[in-house]
Amino acid sequence: MTEARFAQMTGASMLALLVATSPINARAADASAASPAAATADASANAVDGGEPIGEIVVSAERTNVTLQKATLSVTAITDETLAKANITEITGLNGTVPGLVVAKSGGGERAISIRGIGSETPENTSTQPGVSFHVDGVYIFNSIAANAAFIDVAQVEVLRGPQGTMYGQGSTGGTINVVSKQPDASALSGSANVGYGNYNLLKADAAINIPITDTLAVRAAGTLLRHDGYAKATDVAGEPDYQLDDADEWGGKLAVKWTPNDRVSVLLSTIQYKGDNNAAAQKNILDPNPDPRKLTQDFPGKTYIRTQLYYGLVKFDMGGAVFSSITSYQKLHSKLSWDADGLNEDLFFALTDAQQPGTGVRYDHVALWEQHTTSWTQEYNLASDSNGPFRWIVGGVYLHSKNVNYINEYRSADGDPLAAPLSVNTAYNNPQVAALTYAELSSITREAYAGYAQGSYALTDAFTVTAGLRYNHDKYTGTSDSLSGGASANTYGAYLQPKLGLGTSTNKLTGKFALDYQLTPRNMVYASYTRGFKPGGINSSAAQGNSSYTVFGWQDGVRPTFKPETVDAFEIGSKNRFFGDTLQINASAFYYFYKNMQYIEEDAILFAKGIGNAPKAEIYGAELETDWRATSHLRLEGSLSLLHGEFTSDYYALDSTAATNAQIAAGYAGVGNFYGNFYAASLAREAARKNINGNKVPKMPAVQGSTAVSWTGEVGPGEFTARAQYIYRGKFNSRLFSNGAQDRTPAYSQVNLFAGYAFADTGISISATVTNLFNVDGINQRFTDPYGSAQISDTYIPPRQAILSVGYKF
30 MTEARFAQMT
40 GASMLALLVA
50 TSPINARAAD
60 ASAASPAAAT
70 ADASANAVDG
80 GEPIGEIVVS
90 AERTNVTLQK
100 ATLSVTAITD
110 ETLAKANITE
120 ITGLNGTVPG
130 LVVAKSGGGE
140 RAISIRGIGS
150 ETPENTSTQP
160 GVSFHVDGVY
170 IFNSIAANAA
180 FIDVAQVEVL
190 RGPQGTMYGQ
200 GSTGGTINVV
210 SKQPDASALS
220 GSANVGYGNY
230 NLLKADAAIN
240 IPITDTLAVR
250 AAGTLLRHDG
260 YAKATDVAGE
270 PDYQLDDADE
280 WGGKLAVKWT
290 PNDRVSVLLS
300 TIQYKGDNNA
310 AAQKNILDPN
320 PDPRKLTQDF
330 PGKTYIRTQL
340 YYGLVKFDMG
350 GAVFSSITSY
360 QKLHSKLSWD
370 ADGLNEDLFF
380 ALTDAQQPGT
390 GVRYDHVALW
400 EQHTTSWTQE
410 YNLASDSNGP
420 FRWIVGGVYL
430 HSKNVNYINE
440 YRSADGDPLA
450 APLSVNTAYN
460 NPQVAALTYA
470 ELSSITREAY
480 AGYAQGSYAL
490 TDAFTVTAGL
500 RYNHDKYTGT
510 SDSLSGGASA
520 NTYGAYLQPK
530 LGLGTSTNKL
540 TGKFALDYQL
550 TPRNMVYASY
560 TRGFKPGGIN
570 SSAAQGNSSY
580 TVFGWQDGVR
590 PTFKPETVDA
600 FEIGSKNRFF
610 GDTLQINASA
620 FYYFYKNMQY
630 IEEDAILFAK
640 GIGNAPKAEI
650 YGAELETDWR
660 ATSHLRLEGS
670 LSLLHGEFTS
680 DYYALDSTAA
690 TNAQIAAGYA
700 GVGNFYGNFY
710 AASLAREAAR
720 KNINGNKVPK
730 MPAVQGSTAV
740 SWTGEVGPGE
750 FTARAQYIYR
760 GKFNSRLFSN
770 GAQDRTPAYS
780 QVNLFAGYAF
790 ADTGISISAT
800 VTNLFNVDGI
810 NQRFTDPYGS
820 AQISDTYIPP
830 RQAILSVGYK
840 F
């Protein structure tokens, strides 16, 4: 897909639609959402005790605009104001602010996002799909690494909890996150700028300007910059003993043009650009003897480079009674990651792991390069009713095409160069450096998918509504790959890696939704729903080329050439309520899930033959609560709570990399050489270490998680003063399905954030102070076991205390 092709597609959509001339309504807008001002005025008349009524929030839940209180699902909307007060600059910062949401840092720049325990257990395999789909203005984002680019000029972030298989399709078994950008507005010139400075030499700046060109054409431009020193240091990097980790040097920009030539047509063209050029993330090996969590005894200078580009066009056309929409996108991701995979210096790695894993006598393990190139494009068309009358509906179709190329170089050696540079892709098979590689891979996976969906809601009475939807999903994967293990290339000519076509796979699934909702009063609603979500299967490149115990020995528990799709059948009941003249909002839900074929990174009895496996069955249940109380015209209290439980419910024998390693050593086959010198016997020893996971907890699922915040706003002197305090608690959880004691247990943590701001009346000028993690808690974001290389166990931490003073101007 080229930029020219993208332009042609968008242009064709525009030409097909620019033909109309009568009024347009919001696409499938709920009647109560059409006039938030009127709803607020009505609520003001009923407000008690001086409390300010809660305004209506319109969300794009299920591809149609509806007020949050009318949506028959659990959804949270985080406004730009809340993001700013909490210093949330990227997706990991959402931890604790949304019930059931966990964003865990993984190896390199990946993010494992889960909702109610369902997400991605395979973020290191970029050919798999997420369990929580990520969207920007309704555009599907293919790679979790690209998620950081989305927080630019944000209006609100919507988190839809539970399977969204009808409207958002595959990859949304746990839910969907949709980032809604601020849009160009032809009615007035406006703009804003904010600059903040804090400890760790933090510089945080953002600016936006909205320019009306004519009465029908407007342009909006925005930019953001974030820089700060590392929150942690690697102490043993040669020539740089305080090598910074978890630093930031990032910029992003957005440019959008919106044209509304008449009342029936609107056209939005937008691009979001992002670049991050940082040192590696801090991953502290639990064997590190330094007790300071921010000081890592590491000796490899890792780097993280991420460049994303998103181009998209949205065209809407009111056909009279229905609105036709076209959404076209083209995306590019280029990332180059490197990191200290052993997490220690050479002497420590040798001394502390000598008797524990295949690597006996090995002094280091470094990922010198993990490079990805992803290009993808999507096209969606849908037709939605304008919500006049008892029947509301939407039908649509989606096409997606993506190609992801991976190139990996890993060095693990007793006497080689620990800082050896990665090899070029075209390095000759007989180059002496090839023998120094422990692992290398060159693979390309192409995904092609299409889907058709339809959903309708019918009001049987003024209070009782039935909703039903169905989606057909088709996914096809094809790919080429070649890999090298132990420094021995199988090639006798040309490049040392020569990818060949592997086994393809395709998936066809039906997903859907059925829901009932009853309006007890105009401000109190109950609902019940059944939804099904699914994540497509895919290809295990190594096994597809014949490298696994399944293909070599025929062992049924080994990694297979392809893996199955996973599905979730979800039952949910909920209630959405406003009380005391709309000053108190209480939303609650309870749910029960049947989870089948959870995809996870599976160890194989043969070394370096890992892939994706399927854990057959699990059950999940829980309850959630969100409250917002405007107690007085000045005082606001907010809170959220989630209670979760999930466990595997069928026999399944999984192989943990740590257990396989220990079994191999105990059998006398430690080290790569001893394994390959005793190939069958060593494989048998590893295979015997499988354990039944029946009864183990579903990973990434804190039993208790919640937050509470209190804020005060009022006139003080010549302006308005706001103060806010927030408390976040995230309970402990298992990081993997093995439930292997302390290795997999991510501890609980608490965090306190403070904000104070003052806006000078009639000037547009404001100042603010933010302190996040007030008590400088060394909270562990995730205890992470690297599924590759030396399988070291590391802790990733939340940011330390950050104090920021900001000045802003708005007009």
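Residue 30 is where the sequence shown starts when you use this note's numbering, and the numbers rise one by one after that. Built from N, CA and C at the ideal position, the CB exists for glycine as well. A quick note: this is a predicted structure, and the numbers were derived from the prediction, not measured.
Where the alpha helix (DSSP H) through residue 377 begins and ends | That run of the alpha helix (DSSP H) goes 375-382.
Have a look at 779, 210 and 506 and flag the residue whose alpha-carbon is nearest the alpha-carbon of residue 479.
-> 506
If you draw a straight line from the alpha carbon of residue 77 to that of residue 613, how long is it in whole angstroms?
-> Residue placement at residue 77 cannot be trusted, given a pLDDT of 48 that sits under 50; the coordinates are not used to answer.
Counting Cβ pairs closer than 8 Å, one from the stretch 644-663 and one from the stretch 672-682, do we hit at least three?
-> yes
Mind listing, in chain order, the continuous beta strand (DSSP E) runs of no fewer than 3 residues lying wholly within the stretch 461-507?
-> Qualifying beta strand (DSSP E) stretches, in chain order: 466-488.
Helix, strand or coil for residue 109, going by three-state DSSP, please let me know.
-> helix
My understanding is that residue 87 touches residue 104, with C-beta atoms under 8 Å, so please give their C-beta distance in whole angstroms.
-> Wrong, their Cβ atoms sit about 11 Å apart, outside the cutoff.
Return the CA-CA distance between residue 356 and residue 296, expressed in angstroms with no decimal places.
-> Cα-Cα distance, rounded: 10 Å.
Assigned secondary structure, residue 796 (DSSP; H/G/I helix, E/B strand, else coil) | strand
Does the pairing of the stretch 680-690 with the stretch 657-664 give three or more beta-carbon distances under 8 Å?
-> The stretch 680-690, when compared against the stretch 657-664, does not touch it at the 8 Å Cβ threshold.
Name the one or two DSSP bridge partners that residue 615 has.
-> 606 and 656
Where residue 388 and residue 286 are concerned, what is the direct C-alpha to C-alpha distance, given to the nearest angstrom?
-> With a pLDDT of 46 at residue 388, under the threshold of 50, the predicted position of this residue should be treated as unreliable, and no value is reported.
Which whole-angstrom value describes the C-beta separation of residue 727 and residue 202, a residue pair presumed to lie in contact below a C-beta threshold of 8 Å?
-> So it is not a contact: roughly 12 Å between Cβ atoms.
Chain-order list of residues whose beta-carbon lies under 6 Å from that of residue 800 (same chain, five-residue window excluded) = Closer than 6 Å at Cβ, skipping near neighbours: 783 and 832.
Proximity to residue 358 [Cα-Cα], best of 567, 562, 497 and 430 = 430
Have a look at residue 260 and residue 227 and give me their C-alpha separation to the nearest angstrom.
-> 13 Å
For residue 704, does the count of other Cβ atoms within 10 angstroms reach 16, so buried, or fall short, so exposed?
-> Per the 10 Å Cβ criterion, buried.
Return helix, strand or coil for residue 712, following the three-state DSSP convention.
-> helix
Cβ atoms of residue 538 and residue 497: under 8 Å apart, would you say?
-> Cβ atoms of residue 497 and residue 538: not closer than 8 Å.
Just confirm the distance between the C-beta atoms of residue 419 and residue 487, as a whole number of angstroms; I'd bet it's less than 8 Å.
-> 6 Å
Run through DSSP, which three-state label would residue 98 get?
-> In this structure, residue 98 counts as helix in the three-state DSSP scheme.
Just how far apart, CA to CA, sit residue 468 and residue 437?
-> If you take the alpha carbons of residue 468 and residue 437, they lie about 8 Å apart.
Would you say residue 348 reaches chain B, if we count a Cβ-Cβ gap shorter than 8 Å as a contact?
-> You won't find chain B in this structure, because it holds only one protein chain.
Per the contact definition of three or more C-beta pairs closer than 8 Å, is the stretch 593-610 in contact with the stretch 546-555?
-> The way I'd put it, the stretch 546-555 does touch the stretch 593-610; three or more beta-carbon pairs between them come closer than 8 Å.
Measure the alpha-carbon distance for residue 64 versus residue 342 and round it to whole angstroms.
-> Bear in mind that the predicted position of residue 64 carries a pLDDT of just 37, short of 50, making it unreliable; the figure below should be weighed with that in mind. Rounded to whole angstroms, the separation of the alpha carbons of residue 342 and residue 64 is 27 Å.
Please name the residue, chosen from 681, 754 and 706, that lies closest to residue 722 on a Cα-to-Cα basis.
-> 681
Have a look at 712, 305, 657 and 264 and flag the residue whose alpha-carbon is nearest the alpha-carbon of residue 107.
-> 657
First through last residue of the alpha helix (DSSP H) which encompasses residue 701 = 700-706
Inspect the beta-carbon positions of residue 827 and residue 314 and report whether they are closer than 8 Å.
-> no
Out of curiosity, what's the CA-to-CA distance linking residue 810 and residue 776?
-> 9 Å
Just checking my contact of residue 281 with residue 253 at CB under 8 Å: how many whole Å lie between their CB atoms?
-> 5 Å
Whether residue 188 touches residue 132 by CB criterion (8 Å) | no
Note down the Cα distance separating residue 837 from residue 220, rounded to an integer number of angstroms.
-> 11 Å
For residue 536, which of helix, strand or coil comes out of DSSP?
-> strand
Contact test: residue 739 Cβ vs the ligand ZN heavy atom, cutoff 7 Å = In terms of ligand content, the structure shown is empty, and the ligand ZN therefore cannot be addressed.
Residue 850 to residue 439 span [Cα, whole Å] | Residue 850 lies beyond the range of the chain shown here (30 to 840); nothing can be said about it.
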